[in-house]
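In our numbering, the protein residues as written are 38 to 136.
For reference, the structure discussed in these notes is given below.
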């Protein structure tokens, strides 16, 4: 925030209080309408966003590991699932394709 450092906590608390008090103030003037299907849709969209962020962070983690260690992830996954024969075959394929 763009306030002096000693005021940061106080300004933050005032802003939190303001954010929380808005619904209470709005309800005193008149009852605000809300629609159940709208709330359900909002939570559904939030869930999709969170799942997308989860997939993106997992992909970034795998890419960072791949770049850091320089391992052949496909060969490791294949060897884990199929045994050493698959790892041997993948090694020859990688050499011949220039992967």
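The beta-carbon is built from N, C-alpha and C at its ideal position, and this holds for glycine as well.
Taking the alpha-carbon positions, what's the residue i to residue j distance?
i: residue 67; j: residue 55; result: 19 Å
i: residue 64; j: residue 43; result: 34 Å
i: residue 45; j: residue 57; result: 18 Å
i: residue 96; j: residue 102; result: 10 Å
i: residue 52; j: residue 92; result: 33 Å
i: residue 79; j: residue 73; result: 10 Å
i: residue 59; j: residue 69; result: 12 Å
i: residue 40; j: residue 86; result: 32 Å
i: residue 88; j: residue 82; result: 10 Å
Within a Cβ cutoff of 7 Å, which residues of the same chain sit near residue i, ignoring the five residues on either side of it in sequence?
i: residue 71; result: none
For residue i, does the count of other Cβ atoms within 10 angstroms reach 16, so buried, or fall short, so exposed?
i: residue 49; result: exposed
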